[in-house]
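Peer 1:
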Ligand code: CMP
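Residue numbers (our numbering): 1 to 139.
Rendered as structure tokens:
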């Protein structure tokens, strides 16, 4: 059993696709072990995306991530990191496979609807960034 962090970004919340994204997870037998809606501060967004701080898109990305509420979730299941990344599709929606969340709803390489952890180590950091143990249910 594995866990990963999923975020429905401000563009996804604004497009009213929270339910659609969750439906895709549950249809693929992924369990939601924790969930909340929050609005990040700039400092919180910078901390979350600290690995990207030298990238040219860092300032724009952290502005975007604070532009409205987001939904953060802990997903649980077998191989859930890879499974979630397959459901999301490529970061750049133009390269995403048909039927993926980003192919269907993203409008921009930055405004790409969802985020998902890319490895067990990043999942542990990202889950801990938003949730404590008491907020995560065994599913
Ligand atoms: P995410 O999977 O959350 O990880 C980093 C985010 O930076 C990415 O999705 C995009 O929202 C954003 N981003 C903006 N420009 C780029 C880019 N050129 N390459 C990768 N990520 C980008």
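By construction, the Cβ of each residue, glycine as well, lies at the ideal position given by its N, Cα and C atoms.
Along the beta strand (DSSP E) that carries residue 66, what are the first and last residues, could you check?
Peer 2: Note, residue 66: premise wrong, no beta strand (DSSP E); not H, not E.
Peer 1: Which two residues bound the contiguous beta strand (DSSP E) that contains residue 34?
Peer 2: First-last of the beta strand (DSSP E) with residue 34: 31-38.
Peer 1: Taking a contact to mean a Cβ-Cβ separation below 8 Å, would you say residue 118 touches residue 83 in this structure?
Peer 2: Not a contact, by the Cβ cut-off of 8 Å.
Peer 1: Residue 39 and residue 12 - do their beta-carbons sit closer together than 8 Å?
Peer 2: Not a contact, by the Cβ cut-off of 8 Å.
Peer 1: Could you check whether residue 96 and residue 3 sit closer than 8 Å to each other, using their CB atoms as the reference points?
Peer 2: Taking 8 Å as the Cβ cut-off, residue 3 and residue 96 do not qualify as a contacting pair.
Peer 1: So the beta strand (DSSP E) residue 91 belongs to, where does it begin and stop?
Peer 2: Here residue 91 belongs to no beta strand (DSSP E), and DSSP marks it neither H nor E.
Peer 1: Measuring only the C-alpha atoms, how far is residue 81 from residue 6?
Peer 2: Going from the Cα of residue 81 to the Cα of residue 6 covers about 9 Å.
Peer 1: Can you say whether residue 42 is buried or exposed, counting buried as having 16 or more other CB atoms within 10 angstroms of its CB?
Peer 2: Per the 10 Å Cβ criterion, exposed.
Peer 1: I'd like to confirm something about residue 110: is its beta-carbon nearer than 7 Å to some heavy atom of ligand 1, or not?
Peer 2: At least one heavy atom of ligand 1 is nearer than 7 Å to the Cβ of residue 110, so yes.
Peer 1: Which word fits residue 57, buried or exposed, when buried means at least 16 other C-beta atoms lie within 10 angstroms of its C-beta?
Peer 2: With fewer than 16 other Cβ atoms within 10 Å, it is exposed.
Peer 1: Around the Cβ of residue 134, are there at least 16 other Cβ atoms within 10 angstroms (buried) or fewer (exposed)?
Peer 2: Exposed: under 16 other Cβ atoms inside 10 Å.
Peer 1: Please determine whether the Cβ atom of residue 5 lies at a distance below 7 Å from any heavy atom of ligand 1.
Peer 2: Every heavy atom of ligand 1 is 7 Å or more from the Cβ of residue 5, so no.
Peer 1: Between the beta-carbon of residue 32 and the beta-carbon of residue 75, is there less than 8 Å?
Peer 2: Taking 8 Å as the Cβ cut-off, residue 32 and residue 75 qualify as a contacting pair.
Peer 1: Over what stretch of residues does the beta strand (DSSP E) that includes residue 2 continue unbroken?
Peer 2: First-last of the beta strand (DSSP E) with residue 2: 2-8.
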